[in-house]
Amino acid sequence: METLDVKKLVCRCHAGYQVLLIALVVLFAAPTSVLAHGGHGPTNIQTFTQAIGPYELAVTVEIPPSVPAPLYLTIDPQSDVTDAKMDFRAVPRGQSFDGAPVAEVMGLPGPQGAYLSELPVDRYGDWDMEVRISGPKGSGTARIPFTITVQPLPVGSIGLFAALGGLVVLMITSIALAATYQRKGRPAPGWANWLIGQAMFACLIVAVIFGIQQFSAAIQSASAQAAAAQGTLSSTATAFGRPHVNMALHITPTSGASAPTAGQSLTLTLDLSDGSTGLPVEDIIPHHEALVHLVVISADSGYFNHIHPARTAPGRYAIALTPDRPGSYTAYAEIQRQDSGTQVIDRSFEVGGTANNSPPPSTEGLGQRAVADMQVDVTASVASFTAGKQATFTFSFSKDGKPVADLQPWLGMGGHMIARSVDQATFAHVHAQGVMAPSGILASGIVYGPEIRFVYTFPQPGRYQIWGQFKRAGQIVTVPLAVKVQ
1 METLDVKKLV
11 CRCHAGYQVL
21 LIALVVLFAA
31 PTSVLAHGGH
41 GPTNIQTFTQ
51 AIGPYELAVT
61 VEIPPSVPAP
71 LYLTIDPQSD
81 VTDAKMDFRA
91 VPRGQSFDGA
101 PVAEVMGLPG
111 PQGAYLSELP
121 VDRYGDWDME
131 VRISGPKGSG
141 TARIPFTITV
151 QPLPVGSIGL
161 FAALGGLVVL
171 MITSIALAAT
181 YQRKGRPAPG
191 WANWLIGQAM
201 FACLIVAVIF
211 GIQQFSAAIQ
221 SASAQAAAAQ
231 GTLSSTATAF
241 GRPHVNMALH
251 ITPTSGASAP
261 TAGQSLTLTL
271 DLSDGSTGLP
281 VEDIIPHHEA
291 LVHLVVISAD
301 SGYFNHIHPA
311 RTAPGRYAIA
321 LTPDRPGSYT
331 AYAEIQRQDS
341 GTQVIDRSFE
351 VGGTANNSPP
361 PSTEGLGQRA
371 VADMQVDVTA
381 SVASFTAGKQ
391 ATFTFSFSKD
401 GKPVADLQPW
411 LGMGGHMIAR
421 SVDQATFAHV
431 HAQGVMAPSG
441 ILASGIVYGP
451 EIRFVYTFPQ
461 PGRYQIWGQF
471 KRAGQIVTVP
481 LAVKVQ
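So in the UniProt record's numbering, spot 176 of the sequence shown is number 176, and the numbers just go up one at a time.
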């Protein structure tokens with residue numbers, strides 16, 4: 001019996017593996033995920049920042065690509081949750097939470113870090129996750145909506161996988177054919193080798209074509225998402241005819257008073273309804289890590305609060321606050337519907353009572369100031385502000401003469417800037433320039449500073465109150481200032 005020429009077979013195997021390796025490189029070199037809204041993290045990772053009772057939590061949900069599977073949770077307290085008990089449970093939308101598995105997390109004393117947990121999910125579709133928190137400061141409940149969808153194959157996947165499968169089959173056939181003829185003591189027919197080689201080359205060409213197609217589609221999708229996140233796409237360009245949202249604002253005193261009173265707690269309840277059907281809006285999506293960004297400012301601009309109401313029912317959001325002065329207040333709610341642009345809705349309300357040593361609005365302009373045990377120097381790219389002309393604000397942070405370079409991400413950004421004209425005709429929410437932070441625990445290694453920049457164009461002349469907001473050592477730092485625009 002003739003011996004098998006192992007050396008020739010090894011060479012043939014190496015050639016086949018090289019062809020297969022090239023095809024696999026084409027397959028896996030293509031991006032497998034696109035950016036989520038806001039430009040940070042894959043689409044299956046979403047962060048929901050909400051004030052649940054007296055505690056604000058940023059809950060990051062990692063949605064599994066298939067079910068049954070665990071739903072991974074990252075809980076990042078935005079305030080001290082020492083000795084607070086946090087319960088999480090999830091059910092398909094419309095079902096009762098009774099009997100659902102509970103993930104329990106206890107807040108620990110000391111510096112606040114992220115907590116990890118998980119919940120079981122067993123089907124595709126819309127889900128609601130209930131979050132209950134109870135601790136020394138009080139208690140609260142919120143419901144977080146999320147959807148588990150069947151992940152479609154990328155364009156060209158069938159052709160790519162078929163080509164790869166063909167390469168594997170042809171490689172095995174080539175090896176088997178060579179081994180068979182080697183045992184017979186003669187080489188395989190030239191026409192067979194030629195045919196197999198041509199077929200493998202054809203499969204490789206097909207794999208390359210479909211691989212490039214996938215790569216191009218993924219790059220275009222990622223570029224479009226990133227452009228939208230940076231604001232280069234207008235709201236009308238990303239809105240696909242979704243009706244506007246109406247908002248009804250309800251004020252409920254929580255301290256037993258008959259009417260909202262300065263110095264006493266009250267609850268703001270936002271009822272969001274579709275402008276066409278009047279039904280509760282249930283397609284609000286996270287926008288910079290929150291379903292609703294709510295900014296409450298008093299008429300004299302002395303009271304300022306940037307908060308995130310908890311979703312308590314379909315289309316309903318609620319949050320408690322304590323106004324510090326009597327007078328008129330305006331609540332600005334910033335939201336985004338699925339496949340639509342952002343919308344800012346404002347509603348005013350009155351607070352009674354008497355002035356109680358509440359601080360006056362800031363009249364300090366550009367320059368240095370002491371805030372939160374730091375020195376903050378605010379400068380601008382222009383000597384004077386002019387309506388319609390772009391300006392860049394730079395907030396420079398230092399402490400004890402040394403630059404501060406450990407500012408933390410807040411709501412996915414290095415900072416936020418709110419601007420409102422004194423006549424209340426203009427309101428703007430501006431995000432810091434620079435790299436956006438990823439969602440969840442991945443953001444823990446991201447730091448900013450010592451300089452944070454914002455670019456803004458004032459639309460009309462007048463006086464403006466501005467608030468720069470940043471995060472350091474787990475605390476929100478607010479830097480107020482006032483500017484005049486010509």
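Glycine included, each C-beta is placed from N, C-alpha and C at the ideal position.
Any idea if W410 is buried or exposed, counting beta-carbon neighbours within 10 angstroms, 16 or more meaning buried? In the sequence shown, counting from the first residue as 1, residue 410 sits at position 410. That one is buried.
What does DSSP give as the partner residues of residue 487 in its beta bridges? The question about residue 487 has no answer here: the residues shown for the chain are numbered 1 through 486.
Report the option in E62, E118, Y456, T330 whose CA atom is closest to the CA atom of R89. Residue 89 sits at position 89 when you count from the first residue of the sequence shown. Considering only alpha carbons, the answer is E118.
L366 versus D377 - alpha carbon distance: Along the sequence shown, read from residue 1 onward, the residue named residue 366 stands at position 366. Along the sequence shown, read from residue 1 onward, the residue named residue 377 stands at position 377. Roughly 8 Å between the two C-alpha positions.
Just tell me which of Q390, D324, I148 has its CA closest to the CA of S358. Stepping through the sequence shown from its first residue, residue 358 is reached at position 358. Residue D324 is the option with its Cα nearest to S358.
Would DSSP call T363 helix, strand or coil? As a working mapping, residue 363 is identified with position 363 in the sequence shown. Here T363 sits in coil by DSSP.
Could you have a look at A103 and say whether DSSP puts it in helix, strand or coil? Along the sequence shown, read from residue 1 onward, the residue named residue 103 stands at position 103. Note: A103 maps to strand in three-state DSSP.
Cα separation between E62 and P280? Locating residue 62 in the sequence shown gives position 62, counting from the first residue. Locating residue 280 in the sequence shown gives position 280, counting from the first residue. Going from the Cα of E62 to the Cα of P280 covers about 26 Å.
According to DSSP, is R325 part of a helix, a strand, or is it coil? Taking the sequence shown and counting its residues from 1, one reaches residue 325 at position 325. Here R325 sits in coil by DSSP.
Going by other Cβ atoms of all chains shown within 10 Å of its Cβ, with 16 needed for buried, is I172 buried or exposed? On the sequence shown, residue 172 is found 172 positions in, with the first residue counted as 1. So I172 ends up on the exposed side.
DSSP on F97, reduced to helix/strand/coil? What you label residue 97 is simply residue 97 of the sequence shown in a count that begins at 1. Of the three classes helix, strand and coil, the one that applies to F97 here is coil, per DSSP.
Contact the stretch 462–469 vs the stretch 410–422: 3+ CB pairs below 8 Å: yes
What does a CB cutoff of less than 6 Å around T141 pick up in its chain, not counting 5 residues either side in sequence? Walking along the sequence shown from the start, residue 141 turns up at place 141. If we look at T141 and ignore the five residues flanking it on each side, its Cβ neighbours are R132.
Assuming the contact rule is C-beta atoms closer than 8 Å, Q475 and H308 should be a hit. Round their C-beta distance to whole Å, please. Start at 1 with the first residue of the sequence shown, and residue 475 comes out as number 475. Start at 1 with the first residue of the sequence shown, and residue 308 comes out as number 308. Actually they do not touch by this definition, with Cβ atoms about 16 Å apart.
Do you know offhand how far F201's Cα is from A188's? To locate residue 201, count along the sequence shown from 1; it is residue 201. To locate residue 188, count along the sequence shown from 1; it is residue 188. Taking the straight line joining both Cα atoms gives about 19 Å.
Given that a residue counts as buried once 16 or more other Cβ atoms are within 10 Å of its Cβ, and exposed if not, what is V483? Locating residue 483 in the sequence shown gives position 483, counting from the first residue. Buried.
CB contact flag (V296, L272, <7 Å): The residue labelled residue 296 in the question sits at position 296 within the sequence shown. The residue labelled residue 272 in the question sits at position 272 within the sequence shown. No, the Cβ-Cβ distance between V296 and L272 is not below 7 Å.
For a test of the three-state rule: what should DSSP assign to M413, helix, strand or coil? Taking the sequence shown and counting its residues from 1, one reaches residue 413 at position 413. Strand at M413.
In angstroms with no decimal places, state the Cα-to-Cα distance between V485 and A299. Working through the sequence shown from its first residue, we reach residue 485 at position 485. Working through the sequence shown from its first residue, we reach residue 299 at position 299. Approximately 19 Å between the Cα atoms of the pair.
Collapsed DSSP secondary structure at Q465 in the structure displayed: Position 465 of the sequence shown, counting from 1, holds the residue named residue 465. Q465 falls in the strand class under three-state DSSP.
Please state whether DSSP places R183 in a helix, a strand or coil. For the purposes of this step, residue 183 is taken as the residue at position 183 of the sequence shown. Three-state result, R183: helix.
Pull up the distance between the alpha-carbon of N305 and that of Y332, whole angstroms please. Here residue 305 corresponds to residue number 305 of the sequence shown, with the count starting at 1. Here residue 332 corresponds to residue number 332 of the sequence shown, with the count starting at 1. Computed Cα separation, rounded: 10 Å.
Taking the CB atoms as reference points, tell me whether T330 and S348 lie closer together than 7 Å. By 1-based counting over the sequence shown, the position of residue 330 is 330. By 1-based counting over the sequence shown, the position of residue 348 is 348. Yes.
Give me whichever residues DSSP pairs with K471 in a beta bridge. Counting from one through the sequence shown, the residue named residue 471 turns up at place 471. Its beta-bridge partners are Q408, I476.
Does DSSP put L27 in a helix, in a strand, or in coil? Within the sequence shown, numbered from 1, the residue matching residue 27 stands at position 27. Bear in mind that the predicted position of L27 carries a pLDDT of just 47, short of 50, making it unreliable; the figure below should be weighed with that in mind. If DSSP states are grouped into helix, strand and coil, L27 belongs with the helices.
Collapsed DSSP secondary structure at T354 in the structure displayed: Within the sequence shown, residue 354 is the residue found at index 354, counting from 1. Coil, per DSSP.
Ignore the nearest five residues each way along the sequence and tell me which others in Q408's own chain have a CB closer than 7 Å to its CB. Here residue 408 refers to the residue found at position 408 of the sequence shown. Within the same chain, Q408 has close Cβ partners V447, K471, R472.
Please tell me whether A387 and P461 are closer than 7 Å, where the distance is taken between their beta carbons. Counted from its first residue, the sequence shown places residue 387 at position 387. Counted from its first residue, the sequence shown places residue 461 at position 461. Yes, the Cβ-Cβ distance between A387 and P461 is below 7 Å.
P286 and Q78 - do their beta-carbons sit closer together than 7 Å? Mapped onto the sequence shown, residue 78 falls at position 78. Mapped onto the sequence shown, residue 286 falls at position 286. Their beta carbons are not under 7 Å apart, which means Q78 does not touch P286 by this criterion.
Looking only at DSSP bridge pairs, what is T173 linked to? Within the sequence shown, residue 173 is the residue found at index 173, counting from 1. DSSP, once it has assigned bridges, lists no residue as partnering T173.
Which term fits S96, buried or exposed, when burial requires 16 or more other beta carbons within 10 angstroms of its beta carbon? Indexing the sequence shown from 1 puts residue 96 at position 96. The residue in question, S96, is exposed, as its Cβ has fewer than 16 Cβ neighbours within 10 Å.
Buried or exposed (CB count within 10 angstroms, at least 16 for buried), P68: Within the sequence shown, the letter at position 68 stands for residue 68. Label assigned to P68: exposed.
I'd like to know whether the C-beta atoms of F393 and F454 end up nearer to each other than 7 Å. Along the sequence shown, read from residue 1 onward, the residue named residue 393 stands at position 393. Along the sequence shown, read from residue 1 onward, the residue named residue 454 stands at position 454. Their beta carbons are under 7 Å apart, which means F393 touches F454 by this criterion.
8 Å contact criterion, which I144 and R311 should meet: CB distance rounded: The residue labelled residue 144 in the question sits at position 144 within the sequence shown. The residue labelled residue 311 in the question sits at position 311 within the sequence shown. That belief holds up - the Cβ atoms of I144 and R311 are roughly 7 Å apart, short of 8 Å.
Please state whether the Cβ-Cβ distance between G53 and G107 is less than 7 Å. Here residue 53 refers to the residue found at position 53 when the sequence shown is read from its first residue. Here residue 107 refers to the residue found at position 107 when the sequence shown is read from its first residue. Contact: no.
If you draw a straight line from the C-alpha of V371 to the C-alpha of I219, how long is it? As a first step, residue 371 is located in the sequence shown; it is residue number 371 there, counting from the start. As a first step, residue 219 is located in the sequence shown; it is residue number 219 there, counting from the start. Cα to Cα, the separation comes out at about 43 Å.
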